[in-house]
Every structure is written in C-alpha cells, then in structure tokens.
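For the sequence shown, position 104 matches number 104 in UniProt numbering, and the numbering has no gaps at all.
Structure record follows, encoded as structure tokens.
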Amino acid sequence: MPPPRGFSIFRNLQSQSRARLFHTTAADSTALPWCLPTRTPIRSGAHSKTFTTHILRPRLQFPPSTSRRLFSTTPCLSHGHLHTPKPGEELKVTFVTKEGNEFTFEVAEGDNLLDIGQANDLEMEGACGGSCACSTCHVIVEDQDMYDLLEEPDDDENDMLDLAFGLTETSRLGCQVKMKKDIDGLKVKLPAMTRNLQASDFK
C-alpha cells in the first residue's frame, strides 16, 4: 500500500525546509533570526501518521539592553537585611578584616553584626543563617569596655563559641550582637579563619 498522500507532501515540505535552513550561508544567516532547528520528525511505523510535528521553533528575541538572565534554577545567596537608619540616629561600627583592613559603616539600631557584614560583602559566612547554631560568624570585640556593654551570651551562644577557631575572652557570635546606642563606635575583628561546625553535627 503506498503511503498516504498527505504524508508525502509533508516529507517534501520538510526536506525543502531543511535544505533552505542548513544551506544558508553566513552572509544571509540573519534572514532566519527567529528559527532554530529541532530534532528530525520521526515515524513510528511503515505508514504511521505518528511523528513529531515541530520542525522549527521560535527563539525569543531580547533588546540589546535587556538582561537575558531572566530565570534561575539555583538558589540565591541572601545577604543580610539592614534597616535604613533615621537621619541623626546612625550608629557606627568598624570591622577589621583578617588582612588588617578597616571598614566603618553607619547602621540602624537593632541591626546585628552578621547582617551588617554580609550586606557589605565582608567574609562572614553565617552558615546556619543566623540561628546561633554554628560559629562561622565569630567576631572578636577589640575593646574590653565595649565588650562589657554587650548583653551576656546565652548558653546556646557559649556552646557555639566553644567550637570557634581562635576563641578569645571577648569573642562573640556576630548574629547575636545587635547594635544599640550605648555601643555606638563598636570595633570588632574578624578571625583569621572560621570552623564550620554546627550544632546538628553533634546530634
């Protein structure tokens, strides 16, 4: 039995389309800016009418000024969220990096050191997301008098500080230190390295 007439017409049109597409030269390739080749139509039987129906598919066109990174399938790393300080109520905090560089920021009351550091791209990992379940936001308060003005660390923070690299008498977790007026001008140092041990590692 000869193949259906409609199928023969389709194959002829397909062959012509593929020939025009794949023999387009570099000079006139812009004549097909909206097309891309896809897989070849496939027949599942000798005279079956079941085959793929898409030969060409449209390609989305974006203006040159438009970013093409419209979608993402990977999780984004979140930087710390900071509040905007009211005029005249800014508090200052200084971070000293492990290289010895100093960075001073004006922040709002209630912001914690981990959020401040991450929002300003300092090397503060905060592996547990600020839930006081690791020691990767370890900071060292440089002034003892300023350290004494901080709220006492609770048992959870002390447990995590015991895991911190380079622990000192004035060590704290950045996620637990919130800025307030009486510690305006606080200066903390980031340790040479951190140890990523979390509370869940010991359960």
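Don't be surprised by glycine CBs; every beta carbon is placed ideally from N, CA and C.
Subject >> Sheet register partners of residue 158 (DSSP bridge) >> reply: Beta-bridge pairing links residue 158 to no other residue.
Subject >> Pick from 143, 181, 175 that is closest to residue 168, judged by C-alpha positions >> reply: 143 is the residue among 143, 181, 175 whose C-alpha sits nearest the C-alpha of residue 168.
**OP:** Measure the alpha-carbon distance for residue 108 versus residue 126 and round it to whole angstroms.
**Re:** 20 Å
**OP:** Just grab the DSSP bridge partners of residue 171 for me.
**Re:** Listed as beta-bridge partners of residue 171 by DSSP are 140.
**OP:** Just the C-alpha distance for residue 156 and residue 101, rounded to the nearest angstrom, thanks.
**Re:** 31 Å
**OP:** Using alpha carbons as the reference points, say which of 86, 160, 117, 89 lies closest to residue 135.
**Re:** 160
**OP:** Grab the span of the alpha helix (DSSP H) containing residue 113 for me, first residue to last.
**Re:** 113-119
Original post:
Going by beta carbon distance, what residues of the same chain come within less than 7 Å of residue 184, once the five residues before and after it are set aside?
Top reply: 91, 92
**OP:** For the beta strand (DSSP E) holding residue 165, just list the boundary residues, first then last.
**Re:** That residue, residue 165, is in no beta strand (DSSP E); it is neither H nor E in DSSP.
Original post:
Between the beta-carbon of residue 139 and the beta-carbon of residue 122, is there less than 8 Å?
Top reply: no
Subject >> Reference residue 87; option with closest CA among 99, 96, 94, 106 >> reply: 106
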